[in-house]
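The structure appears right after this line, and notes come after that.
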DNA sequence: GCAGTGATCATA
DNA sequence: ATGATCACTGCC
């Protein structure tokens with residue numbers, strides 16, 4: 001069953017945790033679909049979260065974060081790697097969940113490289129039309145299987161860098 | 001440990 | 001126009 005906008009229209013940390021164990025689905029050019037269970041995510045809560053891109057305001061790059069829940073937010077980092085995020089919360093509320101790992105892939109850059117995800121889908125809505133969607137997990141991951149940790153690479157964010165907004169599925 | 005890599009944004 | 005920064009990775 002595909003997850004729809006209502007699922008993503010909630011705070012990023014809630015959505016992030018519930019995404020663990022759900023299936024990231026990507027349709028290839030030849031029509032086949034890869035389905036990978038999401039294993040690691042990070043929540044970026046909104047403009048007040050100093051680690052969130054939208055804390056720096058509404059710019060060309062962050063514009064897609066202001067889209068409706070379920071929007072795909074892609075950006076290029078270090079000139080080489082595409083980061084795959086899903087926008088959460090209401091339209092015009094800029095928050096998102098970064099998918100850091102799924103299936104056997106760990107690391108957000110390696111994941112998008114392996115799946116061929118790039119700027120082309122930035123701003124698209126999750127679903128068959130974009131070729132990328134999420135299917136709900138068979139059951140919600142119990143708390144004891146979820147490891148919480150600080151987010152990676154956000155040391156500049158002061159006390160927000162310490163917040164445990166990274167979630168890892170250990171099963 | 002640190003180099004590679006280039007878009008983005010603030011500053012001018 | 002210029003320069004700093006960066007939600008990473010792979011090789012030293």
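In the numbering used here, the protein residues as written are 1 to 171.
The beta carbon of each residue, even a glycine, is placed where N, CA and C say it ideally should be.
Can you tell me whether residue i is buried or exposed, with buried defined as 16 or more other CB within 10 angstroms of its CB?
i	result
residue 86	buried
residue 117	buried
residue 140	exposed
residue 12	buried
residue 105	buried
residue 170	exposed
residue 69	buried
residue 32	exposed
residue 58	exposed
residue 42	buried
residue 17	buried
residue 91	exposed
Could you give the residue range of the beta strand (DSSP E) that holds residue i?
i	result
residue 146	146-149
residue 101	95-102
residue 84	81-88
residue 167	166-169
Mind checking who residue i pairs with in its DSSP beta bridge?
i	result
residue 37	23
residue 43	97
residue 127	132
residue 74	84
residue 2	135
What are the boundary residues of the alpha helix (DSSP H) that residue i is part of?
i	result
residue 112	108-115
**Item:** Any 3 or more C-beta pairs closer than 8 angstroms across the region 94-113 and the region 51-59
**Value:** yes
**Meets three-Cβ-pair contact criterion under 8 angstroms: the region 114-133 and the region 24-35** = yes
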